[in-house]
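Numbering (my numbering), first residue to last: 3 to 156.
Reading through the structure tokens given below for one structure.
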Amino acid sequence: MVGQFGFVLLFFVSGILLVLLVLGIARLLRPSRPNPEKNAVYESGEETEGTAHVSFNLRFYIVALIFILFDVELVLLFPWATVFGDRQLFAETNGVWAIYAGVEMFIFVFILALGLLYAWKKGHLDWIKPAQKDNEFKSPVPGNLYKNINEKYS
């Protein structure tokens, strides 16, 4: 006897098999005549110059991740604030629910604040990075040796 979740699994597997079957049939029936003109990148009728790979500054990704982190925080904070102000729920639980919900949200915001503080301390929020200071470490290896190696392999 198949349980309720067995039917869900059966439906899920049959859906995946149906999608794979349709994609396989479409691959067999489609025309495939590749040539250099079809494989070329279309750029408004203009010939392409250079490569399509552009290196982006890593700061863009870090700022985007921090933005997504705090965007998710707001998505969780607004419904919580709406339910937190429900007087009926507060009355039914004699205020215990409000304490649990408040502590839960405080911990959540505190962890996010720690992450923000970490990113701030590491300098990830500074768009223009300060110049690096010279290291005052006294090495037994002469400094010009490092300079020669760096020039040789750069």
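For each residue, glycine too, the CB sits at the ideal point set by N, CA and C.
Hey, T50 and V56: beta-carbon distance below 7 Å or not?
no
F139 to N146 span [Cα, whole Å]:
15 Å
At the level of alpha carbons, what is the spacing between M107 and L60?
31 Å
If you run the structure through DSSP and keep just helix, strand and coil, what is I113?
It is helical.
Return yes when the Cβ of F92 is within less than 7 Å of the Cβ of A103, no when it is not.
No, Cβ-Cβ distance for A103 and F92 is not below 7 Å.
For my contact list, I1 and H126 are in at a C-beta cut-off of 8 Å; report their separation, rounded to the angstrom.
Residue 1 is absent from the structure shown; the chain starts at 3 and stops at 156.
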